[in-house]
Every structure is written in structure tokens, then in C-alpha cells.
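Novice: If you scroll down you'll find the structure; I have some questions about it.
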Amino acid sequence: MGFGPGPGGPGGPGGPEMRNTVTNAPYSGVEVTTEQQALAGGNVIQRQTTRNVFRDSQGRVRVETQFTRPGANGQSTTVTRISIFDPVAGTASEIDPQNKIVNSRPFHPGTQGAMRPRNPNGATGARAARPADPNVKSEDLGTQSVNSVIAKGSRVTHTIPAGTIGNAMAIQSVHETWMAADLQVPVTVKVTDPRFGTRTTQLTQINRGEPDASLFQIPAGYTVHKGGPGGRGPRPGNNGGGQKN
Numbered sequence: 070m071g072f073g074p075g076p077g078g079p080g081g082p083g084g085p086e087m088r089n090t091v092t093n094a095p096y097s098g099v100e101v102t103t104e105q106q107a108l109a110g111g112n113v114i115q116r117q118t119t120r121n122v123f124r125d126s127q128g129r130v131r132v133e134t135q136f137t138r139p140g141a142n143g144q145s146t147t148v149t150r151i152s153i154f155d156p157v158a159g160t161a162s163e164i165d166p167q168n169k170i171v172n173s174r175p176f177h178p179g180t181q182g183a184m185r186p187r188n189p190n191g192a193t194g195a196r197a198a199r200p201a202d203p204n205v206k207s208e209d210l211g212t213q214s215v216n217s218v219i220a221k222g223s224r225v226t227h228t229i230p231a232g233t234i235g236n237a238m239a240i241q242s243v244h245e246t247w248m249a250a251d252l253q254v255p256v257t258v259k260v261t262d263p264r265f266g267t268r269t270t271q272l273t274q275i276n277r278g279e280p281d282a283s284l285f286q287i288p289a290g291y292t293v294h295k296g297g298p299g300g301r302g303p304r305p306g307n308n309g310g311g312q313k314n
């Protein structure tokens, strides 16, 4: 997850569990992301996104996201999108339940723990040759219970010195992560940046049971569009070719 869309944990698709396959650690949960930005005059913009996340023992991940789409005459509609990342089949699928369309592409994540050798300072590859950035500070926050699981915390503070981007004073952004060691997903990620506001993602209602296998299958009767490596295939409404599943 994480926190990126991480599925499988805060962060949504693109989070750690999307780059690495984690097996034998099934779970499901609700991922809540809150974004808040303070404006001049005391005005505040706040948005919240909720996603249901599932991962089975084979490392397959399903993320269900609901969002509101503005419509005519002030009428809005709730739209659901489903993402399935399947390292067993080697596919990533974006499912549109409203139109019964699936965009599927090849998906080849790494394996958790299969990393390049590190240098004594912990960096890998080209990063190992780079000198430490004096404007980046990393902290170990120790271990504690977060959202009912034992998690290890870390904090990275990045300082932009005064004058670097025309800023009169230094700007600090802080990225704090609490990672569940056994599930290998973040349960909390908080990013604070005075330029953009605060973004917090929490993985809640964690259930360690095995999700139903049907959650990781393409529903029957859907039209499947297949894209190339890294592609998404034709978008809904496109006249590209497809096949019924």
C-alpha cells in the first residue's frame, strides 16, 4: 500500500505492496486518506477518500475505491473503481463496474526481500554513490501499537533552505511512516508540507483472515481490454477491441 493508488495499504496502488509481492500474510482493511489545506483568511479545504483493501496469501491485492463525480444541475453520482494486482497471473486490472469494462495489462512486481546488495550505509545501486543530503534528516521512532498492530516508525524531514526556490525562510516537509512488520504494509503515513497541507492515510479495521478467492477474479460478463507493458488499454467508451470474460 500506500501509501500509494497503494493498494494493499496506505498509499494505495503504487505503495510498497504494489512494488513487492508479499505472500503468506493475508489481510483486509479500510484505508482512509484525509487531505487538509489551510488557506488565507482561515478558510480550509478538506477531502477524504475511503478504500477497501484485500490481500491474499498468494500476494494478490484488490482495492475498491468510491468517489463522487459532479454532475449537471448540482447532482452528483457515486462511482466505484476496483483495481486487482495479481502477481500469480502477472496482470494488473482496472475494473469499471458501472460499464462492466476491464482494462488489463502485464504486471511484474518484485519479490519482497529480493533486493540488490546494500552498501554499509543502506543505499543501493546508483544511490549508494551519492553523498548524504545535509538537508534530509532521518529518524527512527521505535516500535509501538498503531491501529491495533505492532508497527515500526520512521520520520524523514526535508528542509528547503531559504532562497532555494525564492522562499524568504526555510521550508520543512515531514514524512512519517508506521510500518506493520508482520504484514509488511504501512498502517499510518502522514505527510506535512506547508506548501500543500497535510495528507494522512490510516489503515483501519484490519482483519488477518484469508479474503474470499473470488475477490481477485474478473467478474463474468465483463468486456476485457488488454494493454501492452505499462499500458492501460482502451478507456471506457473507446472503440478499441475487447473480449467478454
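Each residue of the sequence shown is one higher than the one before, counting from 70 in the working numbering. Glycine included, each C-beta is placed from N, C-alpha and C at the ideal position. Since this is a predicted model, take the numbers as computed values, not measurements.
Determine the extent of the beta strand (DSSP E) in which E100 is found, giving its start and end residues.
Specialist: E100 -> beta strand (DSSP E) spans 96–107.
Novice: Indicate the three-state DSSP secondary structure (helix, strand or coil) for A249 in the structure shown.
Specialist: Strand, per DSSP.
Novice: Taking the beta carbon of D155 as the centre, do at least 16 other beta carbons fall within 10 Å, making it buried, or is it exposed?
Specialist: Its Cβ being crowded by 16 or more others within 10 Å, D155 is buried.
Novice: Using 10 angstroms around the beta-carbon of A183, count the other beta-carbons present and answer buried if the total reaches 16, otherwise exposed.
Specialist: At A183, the pLDDT of 33 sits below 50, so the modelled position is not reliable; the number obtained from the coordinates is stated separately. So A183 ends up on the exposed side.
Novice: Within 10 angstroms of the Cβ of I234, are there 16 or more other Cβ atoms? Answer buried if so, exposed if not.
Specialist: The residue is exposed, with fewer than 16 neighbouring Cβ atoms inside 10 Å.
Novice: Indicate the three-state DSSP secondary structure (helix, strand or coil) for F265 in the structure shown.
Specialist: Coil.
Novice: Rounding to the nearest angstrom, what Cα-Cα distance links T226 and S207 in this structure?
Specialist: Using only the alpha carbons, I get a separation of about 7 angstroms.
Novice: May I ask you to report which of helix, strand or coil DSSP gives S283?
Specialist: Helix at S283.
Novice: From P280 to T146, what distance separates their C-alpha atoms?
Specialist: Roughly 29 angstroms separates the two Cα atoms.
Novice: Look up G290 in the DSSP assignment and say whether it is helix, strand or coil.
Specialist: The answer is coil: DSSP assigns G290 none of H, G, I, E or B.
Novice: Which residue's Cα is closest to the Cα of N216: T90, N276, E133, D202?
Specialist: When only C-alpha atoms are compared, the closest one is N276.
Novice: Under 8 angstroms by Cβ, that's how I've got R120 and E100 pegged, so tell me the actual separation to the nearest angstrom.
Specialist: The pair is a contact, with the Cβ atoms about 4 angstroms apart (cut-off 8 angstroms).
Novice: Does DSSP put N89 in a helix, a strand or coil?
Specialist: Correct three-state label for N89: strand.
Novice: Which value, in whole angstroms, describes the spacing of the CA atoms of L316 and Q127?
Specialist: Nothing about residue 316 can be reported from this structure: the residues present for the chain run from 70 to 314 only.
Novice: Straight-line CA distance for R187 to P200?
Specialist: Low per-residue confidence applies at R187: pLDDT is 37, beneath 50, and the placement is therefore not dependable, though the value from the model is reported in the following sentence. So the alpha carbons of these two residues sit roughly 15 angstroms apart.
Novice: Short of 6 angstroms in beta carbon distance, which residues of its chain neighbour V260, apart from the five on each side in sequence? Order them along the chain.
Specialist: Answer for V260: H244, R268, listed in chain order.
Novice: So A239 is in the beta strand (DSSP E); what residue range does that whole segment cover?
Specialist: Note, A239: premise wrong, no beta strand (DSSP E); not H, not E.
Novice: Please name the residue in R124, S242, T102, T92 whose C-alpha comes closest to that of A282.
Specialist: Of the candidates R124, S242, T102, T92, the one whose C-alpha sits nearest the C-alpha of A282 is R124.
Novice: Alpha carbon to alpha carbon, how far is T160 from R129?
Specialist: If I take the Cα positions, the gap works out to 10 angstroms.
Novice: For R131, is the classification buried or exposed, using 16 other Cβ atoms within 10 angstroms of its Cβ as the cut-off for buried?
Specialist: So R131 counts as buried.
Novice: I'd like the list of long-range same chain contacts for P263, defined as Cβ closer than 7 angstroms, with 5 residues on each side in sequence excluded.
Specialist: Taken in chain order, the residues that qualify are I240.
Novice: Just to confirm my understanding: we take S214, look at its own chain, exclude 5 residues before and 5 after, and list those with CB closer than 8 angstroms. What are they?
Specialist: If we look at S214 and ignore the five residues flanking it on each side, its Cβ neighbours are A220.
Novice: Just the C-alpha distance for M251 and E133, rounded to the nearest angstrom, thanks.
Specialist: Note on residue identity: the sequence assigns Asp, not Met, to residue 251. If you take the alpha carbons of D251 and E133, they lie about 23 angstroms apart.
Novice: For M238, count neighbouring C-beta atoms within 10 Å of its own C-beta (all shown protein chains included) and say buried if the count is 16 or more, exposed if not.
Specialist: Label assigned to M238: exposed.
Novice: Sorted by chain position, which residues of the same chain lie with C-beta nearer than 6 angstroms to S242's C-beta, five sequence neighbours on each side aside?
Specialist: Closer than 6 angstroms at Cβ, skipping near neighbours: H227, D262.
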